[in-house]
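Novice: Handing you this structure, nothing more for now.
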Amino acid sequence: MRVLILGGDGYLGWPTALHLSKQGHDVAVVDNYLRRNLCREENVEALYKTPNLHERAAIWKTHTDKTIDITIGDLCDWDVVEDVFREYQPECIIHYAEQPSAPYSMLNRKASTLTLKNNIEVTANTIFAVKEFCPDAHLIKLGTMGEYGTPNIDIEEGWLDIQHNGRKQKFLYPRAAGSLYHTTKVMDTDLLWFYVRTWGLKVTDLMQGPVYGMFTNETLIDTQLQPFFNYDEMFGTVINRFLVQAVAGYPLTVYGKGGQTRGYLNIVDTLQCVQLSLENPADSGELRIMNQFTETFSVNELAEMVKKSASNLGIEVKIKPVKNPRKELEEHYYNPKHSAFNELGLRPTLLDTNVLEKIMKTILCHREEINKDIIFSKRASWC
Ligand code: USQ
């Protein structure tokens, strides 16, 4: 299949490009290095340096003789969008091209408006491009479990049947995002749903939980193929952060009471889920929504698991709850459904101390490069 990956330089975009290229698809990626540039601007660099996209594609070609086409460009710019869609005529588009950090989106007005503008405009341009250049293509969009928030009822996969005054209707499951970033994902879903109804597009919207890890079958071929690994308070996700904190001898930063529960998944399962979505496309006029995570944990449970894994490697770890910089429930009901991917054949890689130890061993090789000042500088706050 001709697959176009928007945001193909990112933590998930690049491993997805490798994975689908390995499967034999024709893969093209577009990226404007937004994430790299924001990290540089905010002085929160990742754990190790990663080559640029052209260099990454060349390394991949050396190992596999497979070509990944690269376009560096801003998908808010219609000329860029038009060029890539005209040139590649994709059969499937995977849209990761968004500012991905909740804390960054809450940093200040500039960061908020950048997040709003980038995320909504790229999604809108993508929708218009699909309509104009490839109306039969399947659009796979990365949304987030954070669209639902933490309601006091079970979370369904995208939709909820409502009975009201004796009549029934299926609606998008109620959304209650916890950051401006998550709110842009809610807006994306609304945009997609509007154009699915209006133009009959084929769309899969993936409600993904926080991802952890750095290894996939393809990135293991060469360390230069590994994705970014952020551990700062803005771009690092909680498990990756705790692992780096453990190695750095920094007490694990449990926010508030630590009862915040989320659905997590290993990066290899993101790739499986995206592949399963691609191989089982939505129908025309369907907005298919699937919850993309494999298991739920509270922050306290994660901290204890990281502590145990570190101890297995002879590293003593302290857990130190800190004042929560976010506005979120710290003790709550959480029961999200996630059977759609299991029914499509997902074989989950579950979190255990072995998985954590393996990642920690790689982090140990970069111990000297860890910048403790960016772990919890308290710059990104919801207040
Ligand atoms: N947390 C801590 N200590 C830390 C960092 C985080 O207790 O040092 C807590 C947070 O308060 C939160 C939970 O851990 O309750 C998860 O935080 P996170 O930073 O791992 O994840 P989040 O900001 O929600 O965002 C990440 C990705 C985002 C994706 C989202 C899925 O950055 O792109 O959409 O996970 S979800 O959280 O399900 O919405």
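Residue 594 is where the sequence shown starts when you use the working numbering, and the numbers rise one by one after that.
Idealized CB from N, CA, C, for every residue including glycine.
Keep in mind it's a predicted model, so treat the numbers as computed, not measured.
What did DSSP end up calling H612 once you bin it into helix, strand or coil?
Specialist: helix
Novice: Just to check my reading of the structure: P696 and M898 have Cβ atoms closer than 8 Å, yes? What is that Cβ distance to the nearest angstrom?
Specialist: About 23 Å; that fails the 8 Å criterion.
Novice: Between G878 and Q682, what straight-line distance do the alpha-carbon atoms span, to the nearest angstrom?
Specialist: 20 Å
Novice: Taking the beta strand (DSSP E) that W752 falls in, what are its first and last residues?
Specialist: W752 to H757 is the span of the beta strand (DSSP E), which, as asked, contains W752.
Novice: Let's test the definition: count the other Cβ atoms within 10 Å of the Cβ of Q819 and tell me whether it reaches 16, buried, or not, exposed.
Specialist: buried
Novice: Assign W752 to buried or exposed, taking buried as 16 or more other Cβ atoms, counted over all protein chains shown, within 10 Å of its Cβ.
Specialist: exposed
Novice: Among C632, H656, I912 and N947, whose alpha-carbon lies nearest the alpha-carbon of P844?
Specialist: I912
Novice: Which residue or residues does DSSP assign as beta-bridge partners of H731?
Specialist: C685 and K795
Novice: To the nearest whole angstrom, what separates the beta carbons of E923 and N917, a pair I think is in contact under 8 Å?
Specialist: Contact holds; Cβ gap of about 7 Å.
Novice: Expressed to the nearest angstrom, what Euclidean distance is found between the alpha-carbon atoms of K971 and T657?
Specialist: Each residue's alpha carbon lies about 43 Å from the other.
Novice: Just to check my reading of the structure: Q692 and T708 have Cβ atoms closer than 8 Å, yes? What is that Cβ distance to the nearest angstrom?
Specialist: About 4 Å separates the CB atoms of Q692 and T708; that is less than 8 Å, so the two are in contact.
Novice: Between R855 and T830, what straight-line distance do the alpha-carbon atoms span, to the nearest angstrom?
Specialist: One Cα belongs to R855, the other to T830, and the distance between them is close to 12 Å.
Novice: Three-state secondary structure (DSSP) at A973?
Specialist: coil
Novice: How far does the beta strand (DSSP E) with Q885 in it extend, from its first residue to its last?
Specialist: E879 to Q885
Novice: Does the distance between the C-beta of K778 and the nearest non-hydrogen atom of the ligand USQ fall short of 8 Å?
Specialist: yes
Novice: Would a C-beta distance cut-off of 9 Å place G601 and V623 closer than the cut-off?
Specialist: Yes.
Novice: Is any heavy atom in the ligand USQ found nearer than 8 Å to the beta carbon of H925?
Specialist: no
Novice: In the DSSP assignment, find the alpha helix (DSSP H) that holds Q817 and state where it starts and stops.
Specialist: Segment: none, Q817 is in no alpha helix (DSSP H) and carries neither H nor E.
Novice: L765 and D547 - do their beta-carbons sit closer together than 9 Å?
Specialist: For the chain, the structure presents residues 594 to 976; residue 547 sits outside this window and is missing.
Novice: Comparing C-alpha positions only, which one of E740, R760, R790 and E909 sits nearest to M780?
Specialist: From the listed residues E740, R760, R790 and E909, the smallest Cα separation to M780 is found for E740.
Novice: Taking Cβ to Cβ, would you say E714 is nearer than 9 Å to C669?
Specialist: yes
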